[in-house]
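Here the sequence shown stands for residues 255 to 821, where the numbers follow my numbering. Worksheet: the structure to be examined is printed underneath.
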Amino acid sequence: MVKPQKFRLGELLVQQQLITQVQLEEALVQQKTTGRKLGRVLVEIGQVTEEQIAGAIARQLGMPYVDLRDFDVDRKVAALLPETMARRFRALVLAEKDGGLLVGMSDPSDIFGYDEISRALKRDVNLAVLSESQLAQNIDRLYRRTEEISGLAKELEKDLGDTYVDFGAFGQATGAEDAPVVKLLQSIFEDAAQIKASDIHIEPQETRLQIRFRIDGVLHLQTESDNRIAPALVLRLKLMSGLDISEKRLPQDGRFNIRVKQQSVDIRISTMPTQYGESVVMRLLAQNAGLLDLDRIGMPPAMLERYKRLISASNGMVLVTGPTGSGKTTTLYASLAALNNIETKIITVEDPVEYRLPGINQVQVNEKIELSFARVLRATLRQDPDILLVGEMRDQETAQIGIRAAMTGHLVLSTLHTNDAASTPTRLIDMGVLKYLVTTSLLGVVAQRLLRVVCDSCKEPYAPRPNELAWLERELGEAVHTGKWMHGRGCPQCNGTGFLGRKPVYELLEMNREMVDALNRNDVSDFPAIARQQLGIHTLRNHAARRVLAGETTVHEAMRMVSVTDD
């Protein structure tokens with residue numbers, strides 16, 4: 255059994271010729287400035303990878319290095335070590351071995367951690383070395399609260415007994431932190447935040463309550479329980495978000511804030527009466543999630559330069575379109591961050607304010623007190639703004655005011671729900687916006703989608719089907735023969751889905767004289783063809799196909815996400 259021993263990481267990496275002495279000295283200078291650990295600094299400046307560091311430590315200490323991308327950790331074995339200790343000592347029980355336990359640590363020189371882990375496990379401990387990021391990912395995955403949530407749901411079922419109770423009295427009386435309904439909701443939120451779910455769906459069915467998480471744009475079943483607990487959950491959520499607990503016949507919207515794992519999370523909640531009870535959907539918005547830089551949102555370089563020219567205009571309107579969850583808000587916030595400076599006054603009108611931006615005046619719409627988009631927009635124009643962001647063009651009045659603002663010396667950024675860029679100008683006219691306002695104010699339209707990315711840990715080559723190859727050939731031409739098609743076979747890292755994370759695809763339509771003339775002639779049938787001619791090959795479909803060609807996603811995923819824009 256190899257026990258921990260101290261070593262100096264910098265000297266070790268130089269000794270094993272992974273870095274030079276000069277590179278070490280540069281990293282040490284940066285470490286003093288940032289205060290971060292030397293290994294993290296070396297990884298961030300690109301001198302070594304986490305896997306190389308872990309391998310070097312393993313060789314030095316005579317321990318095995320375990321690559322968790324190829325190692326399936328048993329959840330029951332991992333659970334032998336409490337989650338608090340796993341996170342505190344950055345350790346994971348990997349397997350039972352020779353009557354003892356194989357425990358992976360990212361820092362096997364932590365003698366105190368080793369002693370505490372051995373004391374807690376009460377077994378012989380054999381150490382292995384893990385990379386920091388792989389360890390963190392697996393702790394989040396393995397310590398999910400699926401069983402805890404199911405157990406709490408069953409506990410709540412027992413509390414309710416065989417007969418229905420007065421849920422109003424039940425929910426209001428539930429103040430103690432150990433109440434099953436509170437514990438259940440807390441576990442649901444912690445599990446959702448841990449696996450980076452964007453939405454939680456609580457859906458009563460005829461006999462069962464279904465709880466699903468949306469992860470990377472796709473819904474996954476989290477747990478099922480007795481339908482009788484649904485009213486108790488809905489009531490508690492209504493109390494948390496200040497909704498009317500006596501109103502069960504009408505949809506309601508609200509929001510509240512919770513802290514999950516030292517992270518502030520805004521929850522947007524929507525309730526809707528269904529056949530078997532009230533359905534609840536909650537959108538999770540992490541407040542400390544860093545905003546993307548405009549240069550890093552994933553827009554192709556040539557398109558990005560055109561987009562930057564559009565949003566640098568002194569007046570006019572630029573729209574970002576796509577369905578719910580397609581990344582429109584991320585694009586707009588990145589745009590605002592790029593435009594934000596001391597000489598420019600920026601006002602946003604949102605429902606809700608999703609991220610707080612320093613130096614920008616953000617207004618939260620509140621329909622309950624008749625603080626509507628249109629009313630706020632009229633007031634903002636008296637606040638002398640240079641740039642206006644309107645969360646969404648929801649109706650004719652909001653669109654009219656926004657476009658008039660674009661005509662009178664303001665740059666207006668907003669979103670609209672359309673299938674593609676080419677259909678957006680005619681959609682505005684269909685909403686009742688006067689045609690001359692659209693033609694004189696609209697500068698351009700960005701349409702976007704988010705494609706799931708093939709998991710790096712389990713990606714492997716595969717052969718597309720004939721219809722998929724035909725679709726690719728139509729978009730890529732001869733380049734289709736140079737493709738290296740990849741898909742994920744499914745692994746613990748991606749929860750067996752084969753996908754991990756998402757990347758955007760874009761198209762950008764800039765209004766030109768020909769399109770303006772077509773709209774002025776009321777030539778709605780010709781306009782889409784003229785718009786697509788301006789787009790050329792730079793369409794959503796083409797960008798998605800190029801993501802497939804680069805091995806970033808699968809043909810099926812690309813076709814699934816952009817098929818609505820197909821001719």
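We treat Cβ as the ideally placed atom computed from N, Cα and C, and that holds for glycine.
Item, Value
"Residues in the same chain with beta-carbon distance under 6 angstroms from Gln616, minus the five sequence neighbours each way, listed in chain order, please.", "Thr602, Val607"
"Taking Cβ positions, are Thr669 and Thr575 nearer each other than 8 angstroms?", "yes"
"Which value, in whole angstroms, describes the spacing of the CA atoms of Gln440 and Thr598?", "42 angstroms"
"Measure from the alpha carbon of Thr528 to the alpha carbon of each residue in Ala484, Ala556, Leu611, then state which is nearest.", "Ala484"
"Compare the beta carbon distance of Arg550 and Leu539 with 8 angstroms and say whether it is the shorter of the two.", "no"
"Between Asn392 and Val435, how many whole angstroms is the CB-CB distance? I'm expecting something under 8 angstroms.", "So it is not a contact: roughly 31 angstroms between Cβ atoms."
"When the Cα atoms are used, what is the spatial distance from Phe781 to Asn766?", "11 angstroms"
"Quick check: the segment 299 to 312 against the segment 341 to 357, are at least 3 beta-carbon pairs closer than 8 angstroms?", "no"
"Within a Cβ cutoff of 6 angstroms, which residues of the same chain sit near Val268, ignoring the five residues on either side of it in sequence?", "Gln275, Leu278"
"So what's Gly581 in DSSP terms, helix, strand or just coil?", "coil"
"To which residues does DSSP link Asn615 through a beta bridge?", "Ile601"
"So the candidates are Ala312, Arg395, Val295; which of them puts its Cα closest to the Cα of Arg341?", "Arg395"
"Expressed to the nearest angstrom, what Euclidean distance is found between the alpha-carbon atoms of Leu315 and Leu389?", "19 angstroms"
"Between the segment 700 to 707 and the segment 722 to 737, are three or more C-beta pairs nearer than 8 angstroms?", "no"
"Closest to Ser524 by CA distance: which of Glu532, Asp507, Val514, Tyr530 is it?", "Asp507"
"Check whether the Cβ atoms of Glu729 and Asn796 lie closer than 8 angstroms to each other.", "yes"
"Could you give the residue range of the alpha helix (DSSP H) that holds Ser495?", "484 to 495"
"Under the three-state reduction of DSSP, which class applies to Arg801: helix, strand or coil?", "helix"
"If you measure between the beta carbons of Ala785 and Leu763, is that distance less than 8 angstroms?", "yes"
"Within 10 Å of its beta-carbon, does Gln702 have 16 or more other beta-carbons around it, so buried, or fewer, so exposed?", "buried"
"Which runs of the beta strand (DSSP E), 3 residues or longer, sit entirely within the segment 624 to 654?", "641 to 644"
"Just the Cα atoms here: how many angstroms apart are Gly667 and Leu586?", "It should be noted that the sequence gives Leu, not Gly, for residue 667. Computed Cα separation, rounded: 7 angstroms."
"Of the residues Ala312, Lys351, Gly358, Gly353, which one's Cα is nearest the Cα of Leu823?", "This structure leaves residue 823 out entirely; the chain is present only between 255 and 821."
"For the putative contact between Met571 and Gly656, defined by C-beta atoms under 8 angstroms, what is the C-beta separation to the nearest angstrom?", "7 angstroms"
"For Phe467, count the other beta carbons within 10 Å of its own beta carbon; 16 or more makes it buried, fewer makes it exposed. Which is it?", "buried"
"I'd like to check one pair, Met339 with Ala382: are the Cβ atoms closer than 8 angstroms?", "no"
"Taking its Cβ as the centre, do 16 or more other Cβ atoms sit within 10 Å of Phe226, making it buried, or is it exposed?", "No answer is possible for residue 226: it lies beyond the span of the chain, which begins at 255 and ends at 821."
"Got a sec? Which residues, its chain only, sit under 6 angstroms from Arg537 by beta carbon, not counting five neighbours each side?", "Asp453, Arg522"
"Looking at the strands, I want to know which residues DSSP matches up with Phe467.", "Ile454, His474"
"Taking the alpha-carbon positions, what's the Ala332 to Leu355 distance?", "10 angstroms"
"Helix or strand or just coil, what does DSSP make of Pro527?", "strand"
"In its own chain, which residues sit with a C-beta less than 8 angstroms from the C-beta of Leu292, not counting the 5 before and 5 after it?", "Leu263, Gly264, Ala281, Leu282, Gln285"
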